[in-house]
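Residue numbers (UniProt numbering): 1 to 130. Don't be surprised by glycine CBs; every beta carbon is placed ideally from N, CA and C. For reference, the structure discussed in these notes is given below.
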């Protein structure tokens, strides 16, 4: 999808290959510019350099959790425009509340249908243009 003549950028932070492949497929099909990293330790540096429109952020990552990454992004004013959609196999209400309290724009439980994820991505990114 394009905003102001450029494709919206999505950073996929996911360490499970099967899920990352599905996310990559969906982002390609939807027309987003995207890339994937699998390490929580790399995520914050990449978010700072890329300044993506959206981060699809797994909660359970090696080295640094998605919650820690979300908290760091939200405490950095230069990243205020970055949207975050957290994803986790731990889909409890408590996990969801924690992610949203840390500043995530959305939270989705794995396993999810690609249609469900697509709708959530559009909901979050459409807020940006509103």
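Could you give the DSSP three-state label for residue 64: helix, strand or coil? coil
Per DSSP, what are the beta-bridge partners of residue 36 in this structure? 12
Would you mind listing the beta strand (DSSP E) stretches within the region 96 to 125 that are 3+ residues and don't spill past its ends, in chain order? 106 to 109
Secondary structure of residue 83, DSSP reduced to three states: strand
Check whether the Cβ atoms of residue 59 and residue 90 lie closer than 8 Å to each other. yes
Nearest-angstrom Cα distance between residue 130 and residue 42? The pLDDT assigned to residue 130 is 41, lower than 50, so where the model puts this residue is not dependable, and the model offers no usable value.
Return helix, strand or coil for residue 45, following the three-state DSSP convention. helix
Need the endpoints of the alpha helix (DSSP H) that residue 24 sits in, please. 17 to 30
Among the residues of its own chain, which have a CB less than 8 Å from the CB of residue 70, if the five just before and after it don't count? 57, 84, 86, 99, 102, 103, 104
Taking only three categories from DSSP, how would you classify residue 73? helix
Please determine, among 93, 88, 44, the residue with the shortest C-alpha to C-alpha distance to residue 75. 44
Report the CB separation of residue 36 from residue 14 in whole angstroms; it is logged as a contact under 8 Å. 7 Å
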